[in-house]
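Enquirer: Under this note's numbering, the first residue of the sequence shown is numbered -6, with each subsequent residue one higher.
Glycine is no exception: its CB is placed at the ideal position from the N, C-alpha and C atoms.
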Amino acid sequence: MAYYVYILTNRSKTLYVGVTNKLVRRVFEHKEKRVPGFTRRYNLDRLIHYEAFEDVRVAIHREKQIKGWLRARKIALIESSNPVWEDLTAGLCHPERSDGSRER
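#1: Starting from THR2, trace the beta strand (DSSP E) in both directions and tell me its first and last residue.
#2: Decide yes or no for the touch test of the segment 2 to 10 against the segment 63 to 78: beta carbon pairs closer than 8 Å, at least 3 of them.
#3: On the criterion of 16 or more Cβ atoms from any shown chain inside 10 Å, does LEU63 qualify as buried, or is it exposed?
#4: Would you mind stating whether VAL(-2) and GLU56 have Cβ atoms separated by less than 7 Å?
#5: Mind checking whether ILE53 and VAL12 have CB atoms under 7 Å apart?
#6: Do TYR(-4) and PHE46 have their CB atoms nearer than 7 Å?
#7: Closest to ARG19 by C-alpha separation, out of ARG66, ASP38, ARG34 and ILE59, would be which residue?
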């Protein structure tokens, strides 16, 4: 089973970091405003970064690590793999390799 740390944003570039074991389902829950709280209130519906892990403890540790970073460091992480902040949701339909990376 894979676990994912993900970052969502909106038009104003507000950031949200989360963790899940079902990335596709969770992103669509955010997009459809099914998740009450911060993401719904600020219309956070664009997936701009995610990482896959095999161990839930490692994923949770990574989520906490990223949440603890200053905004500038989070932006540097996002832009290292997604410099234009493209919504990666469409890419979720692509199969994932065993190493967790996305096929293009």
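Expert: Looking at the coordinates:
#1: Mapped onto the sequence shown, residue 2 falls at position 9. Its beta strand (DSSP E) spans residues -4 to 2.
#2: yes
#3: As a first step, residue 63 must be located in the sequence shown, where it is residue number 70. With fewer than 16 Cβ atoms within 10 Å of its Cβ, LEU63 is classed as exposed.
#4: Here the question's residue -2 lines up with position 5 in the sequence shown. Here the question's residue 56 lines up with position 63 in the sequence shown. In contact: VAL(-2) and GLU56 (Cβ atoms closer than 7 Å).
#5: The count along the sequence shown starts at 1 and reaches residue 53 at position 60. The count along the sequence shown starts at 1 and reaches residue 12 at position 19. In this structure, VAL12 lies closer than 7 Å to ILE53 by Cβ.
#6: Counting from 1 along the sequence shown, the entry for residue -4 is found at position 3. Counting from 1 along the sequence shown, the entry for residue 46 is found at position 53. Yes, Cβ-Cβ distance for TYR(-4) and PHE46 is below 7 Å.
#7: Sequence index remark: in the sequence shown, residue 19 carries index 26 (1-based). Measuring from the Cα of ARG19, the nearest candidate turns out to be ASP38.
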